[in-house]
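Per our numbering, the sequence shown starts with residue 903, numbered consecutively. Here is the structure we will look at.
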Amino acid sequence: MRLQELFTDLEIQYVYPVNRGTPTRIPDDAESQASVIDLVVASVALIRQDGFHYKIKVDNRERWGSDHRPLQIEIPISGSKPEMRCKWKIEAWSEEEDDYVTQICGELGRMLENVSESAEDLETIMERVSTAFERAWEAYSEERKPSRHGKKWWNEDCKQAYQEMGENGGPRNKEMRNKMRRTLRVARRHYFDKQIHNMASDRKRPWDLMPWTRERKQSLLDLLPLPVRTLPECHGVTLSHLSHILLHNNFPLLLQFDGG
């Protein structure tokens, strides 16, 4: 009754999923009974909006070893799609991802000691939860520019390792997680080694692809034979005059200086 009173004070209500009655917690002990202990609440105005959708995912592979099923919630957002020039992300299977999860779990674990006795207490805790995620994200995420190339190094070995990890406890299984990282490392190394080999074979030197190391274009006067380049010194013609003659009167006319 206290929880229902709290919902009333906050002007929110319990949301039923489209697959109503589906358990949200699947105990690791096969003899224990599954139950619905994950609740979703929202304002009445949000629930009544077209496009609001809530369901419980029942594919056990998506649980990644957790005893709770993931909850999928779709919320309608009005307005035009913002232009994304860059985005912040945490690279999957990185040390930063581990530190991100560790920091959040630590801060959330310390909140378990607090008991919400009122709507104000609940709002305070939710603010702390939001702050915990925000601090961890700012600490470990990096700014990345969108790329049309994607992860071209991803291969069948990566796909197989990913599926195997999902079927054996997900990232919580340290052995499977380390195996996934090794597979990704090998795939990236193989892909980029092949790219470097192809560049070295086609262009002889991989650094030829860098614009500041490419062969510079010769100037107009450098393309002339040496006797022609010495004509200005012999006849008192300036280099700018010579270039003007070459561009506007064609090269054969320049040869009239010879023997003059």
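C-beta atoms are modelled at their ideal positions from N, C-alpha and C, and glycine is treated no differently. These numbers were taken from a predicted model, which means no experiment stands behind them.
> Run through DSSP, which three-state label would residue 976 get?
Replying inline: Counted from its first residue, the sequence shown places residue 976 at position 74. If DSSP states are grouped into helix, strand and coil, residue 976 belongs with the strands.
> Should the region 986-1002 be regarded as contacting the region 955-965, the criterion being three or more beta carbon pairs within less than 8 Å?
Replying inline: no
>> For residue 1019 and residue 1027, I'd like the C-alpha separation in whole angstroms.
In response: If you number the sequence shown from 1, residue 1019 lands on position 117. If you number the sequence shown from 1, residue 1027 lands on position 125. Their Cα atoms are separated by approximately 11 Å.
>> Can you look up residue 1032 in the DSSP assignment and give me helix, strand or coil?
In response: Numbered from 1 along the sequence shown, position 130 holds the residue referred to as residue 1032. If DSSP states are grouped into helix, strand and coil, residue 1032 belongs with the helices.
>> Using C-beta distances below 8 Å, list every residue in its chain close to residue 995, excluding the 5 sequence neighbours before and after it, in chain order.
In response: Position 93 of the sequence shown, counting from 1, holds the residue named residue 995. For residue 995, where only same-chain residues beyond five positions count, the Cβ hits under 8 Å are 1079, 1082, 1083 and 1086.
>> Quick check: residue 957 and residue 925, are their CB atoms within less than 8 Å of each other?
In response: By one-based count along the sequence shown, residue 957 stands at place 55. By one-based count along the sequence shown, residue 925 stands at place 23. No, the Cβ-Cβ distance between residue 957 and residue 925 is not below 8 Å.
> Is it the case that the Cβ atoms of residue 1035 and residue 1006 are separated by a distance below 8 Å?
Replying inline: Numbered from its first residue, the sequence shown carries residue 1035 at position 133. Numbered from its first residue, the sequence shown carries residue 1006 at position 104. Yes, these two residues count as a Cβ contact at 8 Å.
>> According to DSSP, is residue 1087 part of a helix, a strand, or is it coil?
In response: Residue numbering aside, residue 1087 sits at position 185 when the sequence shown is read from its first letter. Looking at residue 1087 - three-state DSSP - the assignment turns out to be helix.
>> Quick check on the DSSP output: what are the complete beta strand (DSSP E) runs of length 3 or more inside the region 923-954, in order along the chain?
In response: 943-945
>> Does residue 971 pass the burial test, meaning 16 or more other C-beta atoms within 10 Å, or should it be called exposed?
In response: For the purposes of this step, residue 971 is identified with residue 69 of the sequence shown, where counting begins at 1. So residue 971 ends up on the buried side.
> Going by alpha carbons, who is nearest to residue 934 out of 969, 914, 916 and 941?
Replying inline: Looking up residue 934 in the sequence shown gives position 32. Comparing Cα-Cα distances from residue 934 to each of 969, 914, 916 and 941, the minimum goes to 969.
>> Going by DSSP, what residue range makes up the alpha helix (DSSP H) through residue 1064?
In response: To locate residue 1064, count along the sequence shown from 1; it is residue 162. Taken as a continuous stretch (DSSP letters only), the alpha helix (DSSP H) holding residue 1064 covers 1058-1068.
> Is the beta carbon of residue 975 sitting closer than 8 Å to the one on residue 942?
Replying inline: Numbered from 1 along the sequence shown, position 73 holds the residue referred to as residue 975. Numbered from 1 along the sequence shown, position 40 holds the residue referred to as residue 942. Cβ atoms of residue 975 and residue 942: closer than 8 Å.
> Okay, do the region 1030-1046 and the region 1006-1015 touch, 3+ Cβ pairs below 8 Å being the bar?
Replying inline: yes
> Under the three-state reduction of DSSP, which class applies to residue 1027: helix, strand or coil?
Replying inline: As a first step, residue 1027 is located in the sequence shown; it is residue number 125 there, counting from the start. Three-state result, residue 1027: helix.
> Would the beta-carbon of residue 1057 fall within 8 Å of that of residue 1021?
Replying inline: Within the sequence shown, numbered from 1, the residue matching residue 1057 stands at position 155. Within the sequence shown, numbered from 1, the residue matching residue 1021 stands at position 119. No, they are not a contact pair.
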